[in-house]
Amino acid sequence: MTYLADVGALARKDLTLELRARDTLPAMLLFVLSILVVFHFVLPPESSDLAAKGLLWVGILFTALLGLTRAFAAEREDDAIDGLILATRDRSAIWLGKALAVFVFLALAELVALPAFALFFTDIGGGTIAGVVLADVGLCAVGTLLAAMATASRARELLLPLIFLPLAIPIVVGGVGASVGSHPATYAGFLALYDAIFALLAWASFDYVLTE
Amino acid sequence: MTYLADVGALARKDLTLELRARDTLPAMLLFVLSILVVFHFVLPPESSDLAAKGLLWVGILFTALLGLTRAFAAEREDDAIDGLILATRDRSAIWLGKALAVFVFLALAELVALPAFALFFTDIGGGTIAGVVLADVGLCAVGTLLAAMATASRARELLLPLIFLPLAIPIVVGGVGASVGSHPATYAGFLALYDAIFALLAWASFDYVLTE
Amino acid sequence: MIRARGLEKRYGDRRILRGVEFDLTRGGLLVVTGPNGSGKTTLLRLCVGLATPTAGELAVEVERTRVGFLAHEPLLYRQLTALENLDLYGRLYRIPERRERIGMLLERFGLWDERHTRAASYSRGMLQRLALCRTLLHEPDLLVLDEPFSSLDDEGAALLDRELAERRDRAAFVVATHDPDRVLPLATAKLALG
Amino acid sequence: MIRARGLEKRYGDRRILRGVEFDLTRGGLLVVTGPNGSGKTTLLRLCVGLATPTAGELAVEVERTRVGFLAHEPLLYRQLTALENLDLYGRLYRIPERRERIGMLLERFGLWDERHTRAASYSRGMLQRLALCRTLLHEPDLLVLDEPFSSLDDEGAALLDRELAERRDRAAFVVATHDPDRVLPLATAKLALG
Amino acid sequence: MRPDRLPVFAASALALMASAVAVVAYVAPIDADQGFSQKIFYFHVPVALTSYALFGWGAWKALRHLWKRDERADLESYVAIHLGVIFGLTTLLTGSIWAKISWGRWWVWSSDQLVLFLVLFLFYSAYFMLRFSVEPGPRRANLSAVYALFGVALIPVSFLAIRLSKDIIHPVVFKSSGPDMSGKMFLAFCVSWAAMLALAGTLYHVELAGKRLDQRLKELREVLAS
Ligand code: HEM
Ligand SMILES: Nc1ncnc2c1ncn2[C@@H]1O[C@H](COP(=O)(O)OP(=O)(O)OP(=O)(O)O)[C@@H](O)[C@H]1O
Ligand SMILES: Nc1ncnc2c1ncn2[C@@H]1O[C@H](COP(=O)(O)OP(=O)(O)OP(=O)(O)O)[C@@H](O)[C@H]1O
Ligand SMILES: [Mg+2]
Ligand SMILES: [Mg+2]
């Protein structure tokens, strides 16, 4: 319970920060909406739903990445992360809190993007929505850990896409499968498996990422 | 002349900061390859060249946005921007130097990405290349100004989200039109006009962005 | 509480600390002095566990969350208000009577009227005071203070003197400073680096 | 060189400075004192032009690039080395014999051996020394120093004393400090805020 | 391994290699459709499997580093992954050559199998980026180790992803019912694979010894200097 209280306090802090500074969410929204604009102008009206759905997944992936690159910016400023390291009993709470906050941002961006997508392109079924939610979990779980790693490195934001994209590709495969394939349930199961494995791994190993 | 010397010194500083890692180019290659792999999984095999071109624009937009969101990160850290304000005779040099540096990075990434794209997906014509170059100019000119606003202005919450979206979307529309439309020259002309107007506007107004 | 034997720390090829030895028990105050770049901050970071020694033995018998660390940087979020910052730490440290203690500390350090101001628009001395509030919030058993008097005015320094004296018997202290005279009355041991 | 009459500065609803008046000429040194949050830094930022007064008159008869400002923050790039940082400022200020002067200053402030180290891994005192190098690089006519002795060791402080004394007649000085005794021998005027 | 055993190990690896070449050339039958070029198989597949083995070994060492706080494991893990990437590159190259011969193209995107191997390759290339942009020290060791662990989790997940999407072009020989080839072929394959593993082991120990020597030298120099 006390663990969850820590997580809650940390995630709350991130949401307050975003309300104040509005560094992350506007950029994510802008990006997702511009993608829709690009494809609105590119895709001929009669083109397949498949291509449109694919583009949706590109949008989700990159929007997540955009949010993740900024995830630890506030902690890096003035080494605020050191304060958190000293104050949390279990450092994985820092990971969970941050992943939750990123998840909320991503979900908010999608809450705008998905209806817009449905409006401009094609209907979105239950398979797609399930796929998106499951994929979000995986993206945030893995991405937050990797963002913490990239923050500790000299190359910082440059590094994150390099280490993140290869790990995210199975999510894209699963997500696309869940939204356009003929067996959405199989793909959803695959995504759930991915989420479980990598969330567990990230949770267990986050402590090492923060220690010097 | 001395003005250009300032611009050069400032842009050089950004390049030193970025190239510190020294493996920036291999990193970009990895980045581009990862993105192409993502595209592979997302596009159905029989999808049109147009969709592929659209993805190209999504990639460019994303890379530019990634660069811009962190364009003034180094200056914000420890208020280094104050030092620059005091040291430059004409503050617009700061804008020009930064825009140049962002442009160089974007161009470097595209120099890797465009040939790779042509190799793996579909040919790239002169219209696309002209469109990309012109769009880059516009994105860097406007984006740098807005990024500076987000950094320097104490009232940052107001500005960025409100302005960026309406400003960036014409570039996207023009760029996409130049590479897939039937009248690339018209769109290229539109982009050039946009670049001229907004670069001038940004150059003239940058001073006000930085003063308290 | 702390026992150091043959402590060594390197960064890359450079050896910053070498053969550092000291003992510290409850009620003790170790003053660390030395010229700029002699490794005071590095030693303090080793003590709180934010860095690990490359060789030697360092036994710190305090739980991590019972340590209070005042660093060069305030370790606060600039975009949050004083109250929000302390509330976050109060929650993480699970302080009983969290709100009351925060109010008391803010008042004591003269920040009560500014509790709803973002730390970003605090003056440097006010930030240092806020960082002190954060450090003392959970009544730590081990207090590790890096140049605590820096940028405080006379009143702030006197205040800090009082706070230290008050906790004299309940905690152990490690203080790095360029002005050792300030804490000498309380000091039980001195370590000169560099 | 500077003339202030009825100077006032507000942030939002709060009035930070009010009715500040002083004159400063070449060879003068104005000491600004006051408790934490009394507006010393704010006044200094007004003097260098990084902030604008809300009311009153402030005439600074020095070109912006002839001012040297030492702030609370070092105003340097953490990811660049000492040499790269100074080189950037040397170019922007168009200093004749840029490289030579940089070498001289680094040596004088005891940073020569660390010239290829990134500022990020400097200790706090070393950063303050580097910031002083940046401030003095272009031999400014007006030197505005915000707590310049902060986090310097005894040797560093003595060094800075010498540098100030040496420039005594060539420049004007505004120095904010919590330890006015340190600069009192040179001071020509004193302004107590708050 | 004790350094004096290294030459013996290297010699046996060399002998295995020689016998593998002999078995592949003279014992294994010539393939009916692909002819002689099919013999690349005995190189291509063992190299691919060895690179997986190396990645796995690197992750094992990473786990030891994190779990047992084994100081030397960091270097061992790095060396294993380094070699794994070299073997992976060799897989891509031999695969490409084979692809040019039998499919007429150097690379095909339509095979998810190939693309996923490329993903793994990209993942481990990024390992170097990560490692070399962190200052040497305990933090670098930790980050590298965690990343290496993520790698071994990625391998089976990628496999699953391939199995989900039906692959048409890249052959599958090792089915759940057992290997789909003749006894002689299987023998040749096993000998080649053993040889490849022995080669990898030798290289691993040689590189490790070299790296350790470097480190020792640096420490000695420092002792002398002070
Ligand atoms: C660039 C091109 C290629 C790459 C990157 C590649 C990669 C791989 C990899 C990683 C394996 C390891 C085992 C597995 O994952 O199942 C493998 C196995 C194999 N490859 Fe390739 N390959 C390529 C081209 C080819 C070609 C052109 C052929 C023959 C027509 C071929 C035939 C095989 C066979 C028969 C196996 C064993 C299959 C099994 O494990 O069941 N490969 N390849
Ligand atoms: N992360 C790091 N990487 C490399 N070198 C470092 C790092 N941190 C500190 N150093 C080096 O270690 C030495 C000691 O630094 P430290 O900050 O401990 O000094 P200090 O005694 O606190 O000095 P000051 O009085 O200036 O605060 C310095 O030379 C510094 O350059
Ligand atoms: N950008 C800002 N926005 C709002 N308030 C500000 C801003 N900058 C400073 N203040 C307020 O102005 C007051 C004076 O700040 P200033 O930094 O000038 O104090 P100071 O005298 O330098 O104090 P110290 O000794 O602590 O450095 C403080 O109450 C501070 O909160
Ligand atoms: Mg220090
Ligand atoms: Mg101040």
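Residue numbers (our numbering), protein chains in the order written: chain Z, 1 to 212; chain X, 213 to 424; chain V, 425 to 618; chain B, 619 to 812; chain W, 813 to 1038.
Using N, Cα and C, we set each Cβ at its ideal position, and we do this for glycine too.
A quick note: this is a predicted structure, and the numbers were derived from the prediction, not measured.
Backbone secondary structure at residue i - three-state DSSP
| i | result |
| --- | --- |
| V486/V | coil |
| E732/B | helix |
| D705/B | helix |
| A275/X | The sequence shown places Thr at residue 275/X, not Ala. Note: T275/X maps to helix in three-state DSSP. |
| L453/V | strand |
| G812/B | coil |
| T151/Z | helix |
| L201/Z | helix |
| L724/B | helix |
| I842/W | coil |
| L499/V | coil |
| V801/B | coil |
| A1006/W | helix |
| L672/B | The sequence given here places Thr at residue 672/B; Leu does not occur at that position. In this structure, T672/B counts as coil in the three-state DSSP scheme. |
| E212/Z | coil |
| R22/Z | coil |
| L370/X | Interpretation of L370/X is limited by its pLDDT of 47, a score under 50 that renders its predicted location unreliable; the figure taken from the coordinates is listed afterwards. In the structure shown, L370/X sits in a helix (DSSP, three-state: H, G or I). |
Min CB distance residue i to chain V below 7 Å
| i | result |
| --- | --- |
| D771/B | yes |
| A87/Z | yes |
| R742/B | yes |
| P841/W | no |
| P692/B | no |
| P1082/W | Residue 1082/W cannot be examined here, being either before or after the span of chain W that is shown, 813 to 1038. |
| T795/B | no |
Chain B within 7 Å of residue i, Cβ atoms only
| i | result |
| --- | --- |
| G295/X | yes |
| L216/X | no |
| P604/V | no |
| G580/V | yes |
| G461/V | yes |
| K225/X | yes |
Residue-level contact to chain Z via CB, residue i, 7 Å cutoff
| i | result |
| --- | --- |
| I383/X | no |
| P257/X | no |
| A360/X | no |
| S956/W | no |
| L242/X | yes |
| S923/W | no |
Anticipated Cβ contact below 8 Å, residue i with residue j, distance rounded
| i | j | result |
| --- | --- | --- |
| Y707/B | R736/B | In fact, because the Cβ distance is near 16 Å, the residues do not count as touching under 8 Å. |
| I383/X | L351/X | 6 Å |
| N654/B | M550/V | 6 Å |
| H856/W | G907/W | 6 Å |
| T69/Z | L278/X | 7 Å |
| G54/Z | L255/X | 5 Å |
Chain X within 7 Å of residue i, Cβ atoms only
| i | result |
| --- | --- |
| L763/B | no |
| S34/Z | yes |
| L710/B | yes |
Neighbour flag for residue i against chain W, beta carbons, 7 Å
| i | result |
| --- | --- |
| T476/V | yes |
| V209/Z | yes |
Ligand 7 heavy atom lying under 6 Å from the CB of residue i
| i | result |
| --- | --- |
| S849/W | No copy of ligand 7 appears in this structure; the ligands present are ligand 1, ligand 2, ligand 3, ligand 4 and ligand 5. |
Item to check | Contact shell at 5 Å, judged by CB to any heavy atom of ligand 2, ordered along the chain | outcome: Y435/V, I440/V, N460/V, G461/V, S462/V, G463/V, K464/V, T465/V, T466/V, S739/B, S741/B, R742/B, G743/B
Checklist entry - Which residue spans inside the segment 37-122 of chain Z form an unbroken alpha helix (DSSP H) run of at least 4? => result 49-69, 73-76, 80-87, 92-120
Item to check | Ordered list of beta strand (DSSP E) runs contained in the segment 730-789 of chain B, each at least 3 residues | outcome: Entirely contained in the segment 730-789 of chain B, the beta strand (DSSP E) runs reaching 3 residues are, in chain order, 760-764.
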